[in-house]
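First to last, the protein sequences are chains A and B.
If you count the first sequence from 1, you need to add 1 to reach our numbering.
If you count the second sequence from 1, you need to add 257 to reach our numbering.
Glycine included, C-beta positions come from ideal geometry on N, C-alpha and C.
Let me begin by presenting the structure, written as C-alpha cells, before commenting on it.
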Amino acid sequence: MNIASLAPLAVVLPIFGSALTFLLIRHSRTQRAVSVGLLSLTLLLECWLLASVWEGGTAAVNIGGWLPPWGIVMVVDQFSSLMLVVSSAVSLAVLIYATGQGMTDGDEDAPVSIFHPTYLILVAGVSNAFLTGDLFNLYVGFEILLTASYVLMTLGGTGPRIRAGVTYVVVSVVSSVLFLIAIAMIYASTGTITMADLAIKLAELDPGTQALLHVLLLVAFGIKAAVFPLSFWLPDSYPTAPAPVTAVFAGLLTKVGVYALVRTETLLFPGDSLNTPLMVVALLTMVVGILGAIAQSDIKRLLSFTLVSHIGYMVFGLAMSSVAGLGAAVYYVAHHITIQTSLFLVTGLIERRGGSSSIDRLGGLARLSPLLALLFFVPAMNLAGIPPFSGFLGKLGLMQAGLQLGTPLAVVLVVGGVVTSLLTLLAVARVWNRAFWRKPEDAEYPDPVLQSGGKTGVLPATMVGPTAGLVAFGVALTVFAGPLFHVADQSATDMLGRSSYIQAVLGENAPVPGTTAHRESALPSEPEQLDTTAQAVAK
Amino acid sequence: MSINLTLLIVMGVLYACGIYLILERSLTRVLLGLMLLANATNILILAAGGYAGLAPLFNKATDSHEYNDPLPQALILTSIVISFAVTAFMLGIIYRTWSLARQDDIQDDVEDRRVARTPSFDAEDDAAVPVETSEFPLPHAEPAAPDDTGATVPAGATHMPAAAAAAEEKPGRRAPGTTAGPTGGEE
Chain A
2 MNIASLAPLA VVLPIFGSAL TFLLIRHSRT QRAVSVGLLS LTLLLECWLL ASVWEGGTAA
62 VNIGGWLPPW GIVMVVDQFS SLMLVVSSAV SLAVLIYATG QGMTDGDEDA PVSIFHPTYL
122 ILVAGVSNAF LTGDLFNLYV GFEILLTASY VLMTLGGTGP RIRAGVTYVV VSVVSSVLFL
182 IAIAMIYAST GTITMADLAI KLAELDPGTQ ALLHVLLLVA FGIKAAVFPL SFWLPDSYPT
242 APAPVTAVFA GLLTKVGVYA LVRTETLLFP GDSLNTPLMV VALLTMVVGI LGAIAQSDIK
302 RLLSFTLVSH IGYMVFGLAM SSVAGLGAAV YYVAHHITIQ TSLFLVTGLI ERRGGSSSID
362 RLGGLARLSP LLALLFFVPA MNLAGIPPFS GFLGKLGLMQ AGLQLGTPLA VVLVVGGVVT
422 SLLTLLAVAR VWNRAFWRKP EDAEYPDPVL QSGGKTGVLP ATMVGPTAGL VAFGVALTVF
482 AGPLFHVADQ SATDMLGRSS YIQAVLGENA PVPGTTAHRE SALPSEPEQL DTTAQAVAK
Chain B
258 MSINLTLLIV MGVLYACGIY LILERSLTRV LLGLMLLANA TNILILAAGG YAGLAPLFNK
318 ATDSHEYNDP LPQALILTSI VISFAVTAFM LGIIYRTWSL ARQDDIQDDV EDRRVARTPS
378 FDAEDDAAVP VETSEFPLPH AEPAAPDDTG ATVPAGATHM PAAAAAAEEK PGRRAPGTTA
438 GPTGGEE
C-alpha cells in the first residue's frame, strides 16, 4: 500500500480530535492531552508523507473510490507535503503555547475550553486546503478554516475583538463569495472542477474567458493572502485576537491564500498573461506594507504590517514563473510561516513580561529578561534578512531569480525587495531599541507591570518552550537550507512542468499540454547554482 | 429546453441589492447583503449546471442528455450549509455588538485612528539633542524646556509646538490647543 493513500488522515485526524475534545469539554486535562497527542500524530504522518515524496513522485488519492474527474481527489506532491509539515509543526508549537498559557492563567472554564476543538478544526481546514486537488473542495477547506478562525478571532467576545471580528468575517465572506462565483463560472465553461482536468480544459477556452476566470480567482485568493490593494483588513483584525491565535493566523491563513495563488498560477493558468500586473502588485505590497509597519507603535500591529509586506516577496517569486523564482518563493513561504509565528509568540511573552505590547510603554527588557531578548532578536533579524539566516537565503534566491530574468520590472522589484528588507530591519530595530535596550524609566509611559518587575515573575516554561522550539526550527531552516532549497526547486520544476501532477490524478495516458518555450529554456543549471549558494552560506 | 430567464433576472437583482447592502455601515444590513450575495451565487451555480432536465435517477429508457446535471446541486447544498453557519455566527456577533456598544454600526479601529493622528515628529527619535558647549558640564545642567523655547515642528501641512507634539504621543490623550493631525481629528 502506498503511504500517500494515508493522506486524508491529515484532515480526518484533527476533525476526529476536535469531536473528541468537544466531548471532553469538562475534563480540561484530558482535553489538552488528546489535542496535543493527535496533532503530534498528524505531524508524524505528514513527515512520513514528505519523506515518501522527497525525491519526486506525486501521488493522488481518490476519495470514496470515485475516479477523477468525477470524484474528489487529494494530491500529495512536494509542495503540498512541505507546506503540511511546516504548518503542522507551527500549529503544534502554538497549541502547546496556548495550553501553557491557559494552564498558567487558570482559565479552565468555558469559553476557553472551546479553544481546543476549534483549533483542531482550523488545522483540518488548512490541511484540506493544502491537499485537495478539487477546486470546490478547496473552497470547502477555506470555509472550514475560516469558520474556525471566526470563532478564534472573537474568543471571549470582548469589545475590540468583536469589532475586529466583524471586519474580518465580512471581508472573508465576500472573498469566499467571489471564489464561489469563479467556481460556478469555471464549471459553466468547462464542466469540471477537478484541478488536473481543469489544467487541460481551461487552455482550450477563448482568451477572454480565460482572463476573466483567472482574474476572479486571483482577486478571491488575493484577499485571503492579503496582497496589497486587498490587504486592508489584515492589520485591522489580527492584532486584537489572543496572542497564540494571532500567531497561528499570521503563520498559516495568509499562506493558504498564497498556496492557492501558486496553484492557480502554475497549474490552472500557466501562461505569462498576468505576470506583469502580479509583479506590480508584489512591489506595492512590499513597499506599502512596510511603510505601514514603520508608523506603528504597537508590536502586534507592526508585525501584522510586516506580514502583509512580506507576502509581496512570495508573489514576486510566483510572478517570475521561472524555476529559480518559484523555488525561492516556496522556500520563502516555509521560512515566513515559521518566523512570523515565532515573532507573534514572542510578542505574547513580551506582553506578559512587560504588561503591554506598545513600544511606548516598554523598556529595558534585555536586562529584565535576557532569554526573551534572545528569542526576539533571532527571528527579528531573520525576518529582516540578515545573513546567515533563512530570511537572507530566501531573499537572495528571489533576487538572483529576478536578476536572471533581467526585465526592467524585475530589476525594479529586486531593488524594491532590498529596500523593503532594509525598512523591515528599521522597523524591528526600532522595537529592539525601545522595548529591549533603553532603560525602563526612559519609556514614555512605562507600564506598571514593567516597573513592578513583572506580574508573573518568571515566564512559564510551557510558553517559553514552544517559542524557543519554533525559533530553533527557524534556525534549522537556515542550517538545512541546502536540502530544503533542493526540494523547493524540484517542486517548482514539477509545478511548472505540470505533467507529474496531471498524470498522478488522471493516469499515465492523460494528455499534458505543452509548456511554453522560455520556461523550458530556464530549466537547466539554475537549481544547482542556487543550491550551491545556499549551501555555501549555510556553512 | 431553454434558458430560464427569470432565474437570471432574479440573480442579477439579488447581486445588485446584496452589493448595495454590504456597503452600508449598519451591521444588520451588511448581514442581509451577505445573505443575498450567497443566494445569488447559489442561483449562478444552478445556472452553471445547464438546461433543466429530469431528476438524475438512472433509468435505462432515458437518454443521457435528458438528465439534469446533479453536481451543481450538490455544490449548492454545501454552499447553503456554509452560508447558514456564517449567517448564524454573524447574527451572534451583531447581537454581541449591540449588547456591548448599544449600536448597530461598524466601529472605527481606535488604534488606527491614533496612528493616523500621530505627527511625523517623534519626541524620542527626532527631538534636537541639546548641544553641550562646555568642556566641563555643570552637574545640574538645565534641560531644554520645550515649553519655553517655543520651538515648532512640522505636522502635516501645519506646524505645532514641540511640546504639544510630544504630548500627542500619549495614547488616548490630547494636549489642549493642539491642532489636528495630518488626516484631521475625527474621533
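Practice task
Please list the residues of the stretch 47-73 of chain A that have a C-beta atom closer than 9 Å to any C-beta atom in chain B, keeping them in chain order.
Solution key: Trp71
Exercise for the section: Quick one: using the 10 Å Cβ neighbour count with 16 as the cut-off for buried, is leucine 507/A buried or exposed? Expected result: Counting from one through the first sequence, the residue named residue 507/A turns up at place 506. Leucine 507/A is buried by the Cβ-count criterion.
Handout entry: Residues bridged to valine 62/A [DSSP beta-bridge criterion]
Key = As a position in the first sequence, residue 62/A is number 61, starting the count at 1. DSSP, once it has assigned bridges, lists Met75/A as partnering valine 62/A.
Handout entry: Euclidean distance between Cα positions of leucine 424/A and leucine 384/A
Key = The residue labelled residue 424/A in the question sits at position 423 within the first sequence. The residue labelled residue 384/A in the question sits at position 383 within the first sequence. Their backbone Cα atoms lie some 11 Å apart in a straight line.
Problem - Under 7 Å from the C-beta of isoleucine 266/B: neighbouring residues of chain A - result: For the purposes of this step, residue 266/B is taken as the residue at position 9 of the second sequence. Neighbours of isoleucine 266/B on chain A: none; closest Cβ ~17 Å, over 7 Å.
Problem - 8 Å Cβ shell around leucine 121/A - same chain, five flanking residues per side excluded - result: Against the first sequence, residue 121/A aligns to sequence position 120. Correct list, in chain order: Pro15, Ile16, Gly18, Ser19, Thr22, Ser36, Leu39 and Leu40.
Exercise for the section: Provide the residue span of the alpha helix (DSSP H) that contains proline 409/A, from first to last. Expected result: In the first sequence, counting from the first residue as 1, residue 409/A sits at position 408. 409-432 is the extent of the alpha helix (DSSP H) around proline 409/A.
Exercise for the section: Return the chain-ordered list of same chain residues with a C-beta closer than 6 Å to the C-beta of threonine 517/A, the five sequence neighbours on each side being excluded. Expected result: The residue you call residue 517/A lines up with position 516 of the first sequence. Caution is warranted here: a pLDDT of 43 is assigned to threonine 517/A, below 50, making its placement in the model unreliable, and the coordinate value is therefore given only provisionally. Excluding residues within five positions, none has a Cβ falling inside 6 Å.
Handout entry: Beta-carbon proximity list for proline 512/A, same chain, < 7 Å, skipping 5 on both sides
Key = Within the first sequence, residue 512/A is the residue found at index 511, counting from 1. Excluding sequence neighbours, proline 512/A sits near Ile201.
Exercise for the section: Could you check if serine 356/B is buried or exposed, using at least 16 other CB atoms within 10 Å of its CB as the buried criterion? Expected result: Sequence index remark: in the second sequence, residue 356/B carries index 99 (1-based). It counts as exposed.
Exercise for the section: Please indicate yes or no: does the CB of threonine 307/A lie closer than 6 Å to some heavy atom of the ligand MN? Expected result: For the ligand MN, the structure offers nothing, since it holds no ligand at all.
Exercise for the section: For the stretch 442-512 of chain A, list the alpha helix (DSSP H) runs that are entirely contained and at least 4 residues long, ordered along the chain. Expected result: 449-452, 462-480, 482-498 and 500-507
Exercise for the section: Find the nearest neighbour of serine 177/A within the set Leu136/A, Ala444/A and Ser190/A, judged by alpha-carbon distance. Expected result: Here the question's residue 177/A lines up with position 176 in the first sequence. Serine 177/A has its Cα closest to that of Leu136/A, out of Leu136/A, Ala444/A and Ser190/A.
Practice task
Report yes or no: is there a C-beta of chain A within less than 7 Å of the C-beta of valine 386/B?
Solution key: Stepping through the second sequence from its first residue, residue 386/B is reached at position 129. Closer than 7 Å: no.
Exercise for the section: State the DSSP-derived secondary structure class of serine 359/A, mapped to helix, strand or coil. Expected result: What you label residue 359/A is simply residue 358 of the first sequence in a count that begins at 1. Strand.
Practice task
Use the C-beta contact count for aspartate 369/B: other C-beta atoms within 10 angstroms, 16 or more gives buried, fewer gives exposed.
Solution key: Locating residue 369/B in the second sequence gives position 112, counting from the first residue. Exposed.
Problem - Buried/exposed call for proline 541/A, threshold 16 Cβ in 10 Å - result: What the structure shows of chain A is the stretch from 2 to 540, and residue 541/A is not part of that stretch, so it cannot be assessed.
Handout entry: Interface residues of chain B facing aspartate 299/A [CB-CB closer than 7 Å]
Key = Here the question's residue 299/A lines up with position 298 in the first sequence. Residues of chain B passing the Cβ test: Glu368.
Exercise for the section: Find the nearest neighbour of threonine 267/A within the set Val331/A, Ala52/A and Gly252/A, judged by alpha-carbon distance. Expected result: The sequence position of residue 267/A within the first sequence is 266, counting from 1. Answer by Cα proximity: Val331/A.
Exercise for the section: Consult DSSP for aspartate 237/A and reduce its assignment to one of helix, strand or coil. Expected result: Taking the first sequence and counting its residues from 1, one reaches residue 237/A at position 236. If DSSP states are grouped into helix, strand and coil, aspartate 237/A belongs with the helices.
Exercise for the section: Measuring alpha carbon to alpha carbon, tell me which of Val141/A, Gln401/A, Gly475/A and Asn3/A ends up nearest valine 419/A. Expected result: Looking up residue 419/A in the first sequence gives position 418. Among Val141/A, Gln401/A, Gly475/A and Asn3/A, the Cα nearest to that of valine 419/A belongs to Gln401/A.
Problem - Where leucine 311/B sits in the DSSP three-state scheme - result: Residue numbering aside, residue 311/B sits at position 54 when the second sequence is read from its first letter. If DSSP states are grouped into helix, strand and coil, leucine 311/B belongs with the strands.
Exercise for the section: Using a cut-off of 7 Å between C-beta atoms, extract the partners of glutamine 364/B located in chain A. Expected result: Against the second sequence, residue 364/B aligns to sequence position 107. Result: Arg164.
Exercise for the section: Taking all protein chains shown into account, decide if aspartate 237/A is buried (16 or more other Cβ within 10 angstroms of its Cβ) or exposed. Expected result: Within the first sequence, numbered from 1, the residue matching residue 237/A stands at position 236. The residue in question, aspartate 237/A, is buried, as its Cβ has 16 or more Cβ neighbours within 10 Å.
Exercise for the section: To the nearest angstrom, report how far apart valine 334/A and threonine 43/A are at their CA atoms. Expected result: Within the first sequence, residue 334/A is the residue found at index 333, counting from 1. Within the first sequence, residue 43/A is the residue found at index 42, counting from 1. The alpha-carbon atoms of valine 334/A and threonine 43/A are separated by roughly 21 Å.
Exercise for the section: Kindly list, in the order they appear in chain A, the residues whose Cβ is closer than 9 Å to that of valine 343/B. Expected result: As a position in the second sequence, residue 343/B is number 86, starting the count at 1. The answer, in chain order, is Glu144, Leu147, Thr148, Tyr151, Val170, Ser173, Val174 and Ser177.
Problem - For serine 322/A, three-class secondary structure by DSSP - result: Here residue 322/A is taken as the residue at index 321 of the first sequence, counted from 1. Residue state, collapsed to three classes: coil.
Practice task
Taking 7 Å as the cut-off, decide whether the C-beta atoms of valine 87/A and leucine 51/A are in contact.
Solution key: Translated into positions along the first sequence, residue 87/A becomes position 86. Translated into positions along the first sequence, residue 51/A becomes position 50. Cβ atoms of valine 87/A and leucine 51/A: not closer than 7 Å.
Practice task
Apply the 10 Å Cβ neighbour rule to lysine 456/A and answer buried if 16 or more other Cβ atoms are within range, or exposed otherwise.
Solution key: Along the first sequence, read from residue 1 onward, the residue named residue 456/A stands at position 455. Summary for lysine 456/A: the model assigns pLDDT 49, below 50, so the residue's position carries little reliability, and this model does not support an answer.
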